[in-house]
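Here the sequence shown is numbered in this note's numbering, starting from 421 and rising by one per residue. In this text, a Cβ means the ideal position worked out from N, Cα and C, and glycines have one as well. Quick notes on the structure that follows.
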Amino acid sequence: MASLRRIAVVGASLAGVRTVRSLRDRGFDGEVVLVGAEKRLPYDRPPLSKELLAGQVSLSDIQLLSDGDVSALNLDLRLGRRARFLDPGRKALELDDSETLHYDALVIATGSAPWMPPGWDRFEGVHLLRTADDALALRSAFQGSPRVAVVGGGFIGCEVASTARRLGCEVVLIEPYPAPMARVLGPEIAHGLAGIPLDAGVRLHCGTAVEGFDGGQRVERVRLQDGGVIDADVVVVGIGARPVTDWLSGSGVSVADGVLCDERCATSVTGVYAAGDVARWFNPLFGQAMRIEHWANASEQGAFVARAIIEGPDSGGFSSVPYAWSDQHGAKIQTAGVLQPADRVRIVEGTVEERRFVALYEREERLTGVVSVNSPRGMLTYRRLLAQRGSRGVRADDQVEPGVEPSPSA
Ligand SMILES: Cc1cc2nc3c(=O)[nH]c(=O)nc-3n(C[C@H](O)[C@H](O)[C@H](O)COP(=O)(O)OP(=O)(O)OC[C@H]3O[C@@H](n4cnc5c(N)ncnc54)[C@H](O)[C@@H]3O)c2cc1C
């Protein structure tokens, strides 16, 4: 640590903020520069599709850093500034206003950005949801109870549909898989859960994809590949995100659907680390490389990277059980582990009909993942089991060893 005078963190959001807090918690008293492309103080994203979109909380309620924190942490915070080039040979980071920052260690925490096919944004009324500004724009678009088409039935699309219904909008959800969330949860559980949006009044169009939109300046209709047409005043596109790595081109940092990292979250370039949605790291617990676009991972990995920088190889690897939650129409859906559609699914607590259950995903008698609905205690038990041995194999009826705790999250 003696030779570390300045640590630069690129991406002022969850993973980046957790890194800088953890650096200070661990006693690093050198310079910490946090560079963020957004102009706002860092904030939490999960409420953007839920409470903030519904108007139940304000932006100040979801801030990850206050002005007071910035002073207390002695941060050199550069907001509204985008990193545009990394030159590891000179340990130099170039920003979009041409300023060059030198660093001794650097953390890439540039997250992921939602994707939309070319031309779809030609129409007014077509929205993406990633930033606070996106959420505020969508909130005003939902005023007056418009007809809303949500394209994509992943977690974010389903949450937007839920909030839009709650605000009194007419909502249609379009998903190419046979049921919302089927890509992640597999067909069996996803079919069982389709009643949740249906009972809330969401119309589902599953098994077909969107071909394009029609309208004048504003969007008026969504054309489906099965020939269907849906009238819509507002369209929300939630069909996936891509890691933000374009600015690393030419830097020598290896990228392949994310920044490639070893188990310590170190990249192919000495002194450069990655954390959060952007990082594809080797998870020793599961014996495989993975990139995870969920809150708990960004939070834990951000904190770990600070440790990896300060402790060096003594830090060990970042072992983590992938975990996510989603709130839809009053139901809390949680997933943990590595779910595969081909896994055998076994309900061990509650029933799908009563919308309170725990489902285990198993391969060759080994537990690979767990999905729960309105059963946080059941989820915690199996998360602990997965944290114990990951892919080395745990059976669902194994006992949790004392002291095994997945990190706290919502
Ligand atoms: C609407 C929404 C709802 C969600 N809900 C849930 C949920 O319920 N449960 C759950 O588990 N997860 C949820 N997530 C996912 C979770 O929020 C993300 O996994 C988490 O935000 C990832 O944090 P991150 O810091 O890695 O990346 P991000 O939050 O994407 O932040 C990256 C930051 O880097 C900045 N940046 C990018 N390029 C540059 C550059 N070149 N220079 C400087 N800055 C740059 C970006 O502007 C951004 O501010 C949700 C996400 C969204 C969008």
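In DSSP terms, what residue i is bridged to
i	result
Trp-745	Gln-754
Pro-534	Ala-661
His-625	Ile-594
Cys-857	This structure cannot speak to residue 857, because the chain is shown only from 421 to 830.
Glu-782	Arg-764 and Leu-787
Cβ neighbours of residue i in the same chain (closer than 7 angstroms, five flanking residues each side left out)
i	result
Thr-771	Phe-777
Val-477	Pro-467 and Glu-471
Val-638	It should be pointed out that residue 638 corresponds to Arg in this sequence rather than to Val. These residues qualify, in order along the chain: Phe-543, Glu-544 and Gly-545.
Arg-550	Ala-533 and Pro-534
Ala-751	Ile-616, Arg-775, Val-793 and Asn-794
Ala-581	Val-570, Val-591, Leu-593, Pro-617 and Val-622
Contacting residues, own chain, Cβ-Cβ under 6 angstroms from residue i (five flanking each side not counted)
i	result
Phe-724	Phe-738
Leu-497	Leu-454 and Val-490
Gln-754	Trp-745, Ser-792 and Met-799
Asp-608	Looking at the sequence provided, one finds Glu at residue 608 rather than Asp. Contacts found: Val-765.
Ser-674	Leu-680 and Ser-688
Ser-829	The predicted position of Ser-829 is uncertain, since its pLDDT is 46 and thus under 50; a value taken from the coordinates is nonetheless stated next. Within the same chain, Ser-829 has close Cβ partners Ala-716.
Gly-612	Val-772
Val-568	Ala-584, Cys-589, Val-591 and Val-654
Arg-700	Gly-678, Leu-680, Ala-709 and Arg-711
Cα-Cα separation, residue i to residue j
i	j	result
Gly-658	Ile-576	7 angstroms
Ala-492	Arg-786	47 angstroms
Glu-683	Gly-736	8 angstroms
Ser-688	Arg-662	20 angstroms
Met-799	Val-765	15 angstroms
Arg-783	Gly-606	14 angstroms
Tyr-693	Arg-727	11 angstroms
Asn-703	Phe-448	26 angstroms
Asn-794	Glu-519	50 angstroms
Glu-514	Arg-501	10 angstroms
Arg-425	Phe-505	21 angstroms
Val-768	Ala-709	29 angstroms
Arg-711	Ala-599	24 angstroms
Gly-732	Gly-431	22 angstroms
Ile-698	Gln-721	In the sequence under discussion, the amino acid at residue 698 is Val, which differs from the Ile named in the question. Computed Cα separation, rounded: 11 angstroms.
Contact belief for residue i with residue j at Cβ below 8 angstroms, rounded distance in angstroms
i	j	result
Arg-460	Ala-552	6 angstroms
Leu-624	Leu-593	5 angstroms
Arg-559	Gly-475	6 angstroms
Leu-548	Met-536	6 angstroms
8 angstroms CB neighbourhood of residue i in its chain, flanking five on each side removed
i	result
Val-429	Gly-436, Thr-439, Val-440, Val-452, Val-453, Leu-454, Val-455, Leu-526, Val-527 and Ala-529
Val-571	Gly-577, Ile-594, Val-630, Val-642, Val-655, Val-656, Val-657, Gly-658 and Ile-659
Arg-446	Ala-726, Arg-727 and Ile-730
Thr-628	Ile-594, Pro-596, Leu-644, Gln-645, Asp-646 and Gly-648
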